[in-house]
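K.L.:
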Amino acid sequence: MTPEQQAMINHDAPDKGIKLIIFFVFANLGTVISFGASDGYMVELARREPVEIRGTTQSYVSAVRQIFMVLAAFMTGLGLNGEDYGGDFSWTMGFNAIMGVCAAFSFVTIPLCWFCITEEKVPRKSMRKFLAYLYDLLQHRVLYQVIAFRFFRQILSLFSVTASSPIQSAWAKVTPLNEGISEMISCLVTFISLWIVRRYGLHWSWKVVVVVCQFGVVFVDAFPTFFTIWNVYRSQWFWLGVPLLEEFPNSIGDFIATLFVVEVCDKGSEATIMGLMITISALGTPFSTVLYKSVDSYFDIERKFIVKDDHYVRSQVTYAYLIAYACNLLSVIFVVWLPRQKAEVHALKAKGGKSKLLGTLTVCYLVFAFFWIIMTNVLSLSDSTSCLRIAGGSGC
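The letter at position 246 of the sequence shown is residue 246 when you use the UniProt record's numbering, and the numbering goes up by one with no holes.
(1) Could you check how far apart the C-beta atoms of H140 and K354 are, in whole angstroms? I think they sit under 8 Å.
(2) Return helix, strand or coil for H203, following the three-state DSSP convention.
(3) Mapping the DSSP letters down to three states, classify V308 as helix, strand or coil.
(4) Just tell me which of V32, S164 and Y41 has its CA closest to the CA of D266.
(5) Taking the alpha helix (DSSP H) that H346 belongs to, which residues open and close that run?
(6) Under 7 Å Cβ to Cβ from M93, same chain only, skipping five residues before and after it: list those, please.
(7) I'd like to know if the stretch 184 to 192 and the stretch 323 to 330 are in contact, where contact means that at least 3 CB-CB pairs between them fall below 8 Å.
(8) When the Cβ atoms of the stretch 272 to 282 are set against those of the stretch 144 to 163, are three or more pairs found closer than 8 Å?
(9) Thinking C-beta only, is V64 closer than 7 Å to C187?
(10) Which value, in whole angstroms, describes the spacing of the CA atoms of G55 and I117?
(11) When you compare only the Cα positions, how much space is there between I33 and Y135?
(12) If you run the structure through DSSP and keep just helix, strand and coil, what is K354?
(13) Are the Cβ atoms of L137 and Y144 separated by less than 7 Å?
(14) What did DSSP end up calling G392 once you bin it into helix, strand or coil?
(15) Go to S294, then tell me how far its alpha helix (DSSP H) extends in each direction, as first and last residue.
(16) Between the beta-carbon of I147 and the beta-carbon of T289, is there less than 7 Å?
(17) Determine, using beta-carbon pairs with one atom in the stretch 291 to 306 and one in the stretch 162 to 176, whether at least three such pairs fall under 8 Å.
(18) With DSSP as the reference, label G55 as helix, strand or coil.
(19) Do N250 and V217 count as a contact pair if the criterion is CB distance below 7 Å?
(20) In terms of residues, what are the limits of the alpha helix (DSSP H) holding W239?
(21) Among N231, F248, L177 and S106, which has the Cα closest to the Cα of V212?
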């Protein structure tokens, strides 16, 4: 790094970031709640569709979401391409302006929800009765099996490497603008993938699609990764461009894996079950991050090593990626809990029965994941404990 770039680094950022973290915690909480409610409403609409085309509404909603993600990627790519963010523009929107725009769009949804959505009023349940109802739901085989599939598959399929960001900036020389353009193209690729599923894939075998797509993602991603690591060919568009191809199998696999949720929901429980599924995703993603941060703490792949770019560091990064790819491929094991198609879901609902033991076990591992995430993140905020491997440090 040049002296000018080093002068722009805020070395006190980790100590001053606690306030931001707290704000983002509440923002994420609002996101989970709103997604649960909106997806519950979406499921209510989707269940009105004939079985032959069920999933069309879900694909439309996901496609619209991708369109607006294109706008978000454009804003961050263009607005954060200043020199202080590693770009080459003489100006920048800055972090506060980006957050202000995001907040403004969030406020816009308030009148839209108030005036454009109609729903029937239902009697308010006490928290005690609701928790008892939720615990009873979790004892049904179709539900605890679906939760296990989504949770454990997500943990392994999202297993990554902490060095990906330093590699992107130090070895591939990716600028924020090109990263933003890549994200925009990625959203468009996802949009096309969802259209393909809606047009041709609503009756594909869910098991086969998830397995094939997961192997496809790893196969495509490995080429630019190892070529960049070992300096066979380094280019920011090789690093960004080739993985765009993996968005086809990745988005199709993720979408197919959520289609069965519509079939699981019963009338009156749409928002409850969708909120539960959103919560599972909100737990699985950070739990996966906590795990691979702990694994990567045993390798010398921090930014201070990446800039050395020698054989030892490249070997360390390679080992970390091999572990990540192995976990990604192992995630296909959990398709044994995924029904093949809609008919199998309904058969499982009708004949699967209930198990208080497995329902309780489901609650236990979800609660454990929640408190483990909280504990490791709290430990990472303190200088005296951030060095612990469970907090992502290299050891005290």
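Yeah, the Cβ is synthetic: ideal placement off N, Cα and C, and Gly gets one too.
P.N.:
Well, looking at it:
(1) Here residue 140 refers to the residue found at position 140 when the sequence shown is read from its first residue. Here residue 354 refers to the residue found at position 354 when the sequence shown is read from its first residue. That pair is a contact at about 5 Å.
(2) Here residue 203 refers to the residue found at position 203 when the sequence shown is read from its first residue. Coil at H203, not helix or strand.
(3) To locate residue 308, count along the sequence shown from 1; it is residue 308. It should be pointed out that residue 308 corresponds to Lys in this sequence rather than to Val. Here K308 sits in coil by DSSP.
(4) Taking the sequence shown and counting its residues from 1, one reaches residue 266 at position 266. With respect to the C-alpha of D266, the residue from V32, S164 and Y41 having the closest C-alpha is Y41.
(5) Your numbering for residue 346 matches position 346 in the sequence shown. Run containing H346: K342 to K351, per the alpha helix (DSSP H) assignment.
(6) Along the sequence shown, read from residue 1 onward, the residue named residue 93 stands at position 93. Same-chain partners within the cutoff: G79 and L80.
(7) no
(8) yes
(9) Sequence index remark: in the sequence shown, residue 187 carries index 187 (1-based). Sequence index remark: in the sequence shown, residue 64 carries index 64 (1-based). No; because the gap between Cβ atoms is not below 7 Å, this pair is not in contact.
(10) In the sequence shown, counting from the first residue as 1, residue 55 sits at position 55. In the sequence shown, counting from the first residue as 1, residue 117 sits at position 117. The alpha-carbon atoms of G55 and I117 are separated by roughly 21 Å.
(11) For the purposes of this step, residue 33 is taken as residue 33 along the sequence shown, with counting starting at 1. For the purposes of this step, residue 135 is taken as residue 135 along the sequence shown, with counting starting at 1. Rounded to the nearest angstrom, the two C-alpha atoms are 19 Å apart.
(12) For the purposes of this step, residue 354 is identified with residue 354 of the sequence shown, where counting begins at 1. In the structure shown, K354 sits in a strand (DSSP, three-state: E or B).
(13) The residue labelled residue 137 in the question sits at position 137 within the sequence shown. The residue labelled residue 144 in the question sits at position 144 within the sequence shown. Contact flag unset, no.
(14) Sequence index remark: in the sequence shown, residue 392 carries index 392 (1-based). Three-state DSSP puts G392 in coil, outside helix and strand.
(15) By one-based count along the sequence shown, residue 294 stands at place 294. Its alpha helix (DSSP H) spans residues E270 to D296.
(16) Here residue 147 refers to the residue found at position 147 of the sequence shown. Here residue 289 refers to the residue found at position 289 of the sequence shown. Their beta carbons are not under 7 Å apart, which means I147 does not touch T289 by this criterion.
(17) yes
(18) Within the sequence shown, the letter at position 55 stands for residue 55. Of the three classes helix, strand and coil, the one that applies to G55 here is coil, per DSSP.
(19) What you label residue 217 is simply residue 217 of the sequence shown in a count that begins at 1. What you label residue 250 is simply residue 250 of the sequence shown in a count that begins at 1. Yes, they are a contact pair.
(20) Mapped onto the sequence shown, residue 239 falls at position 239. Start and end: Q236 to G241.
(21) Counting from 1 along the sequence shown, the entry for residue 212 is found at position 212. Taking only the C-alpha atoms, the option nearest V212 is F248.
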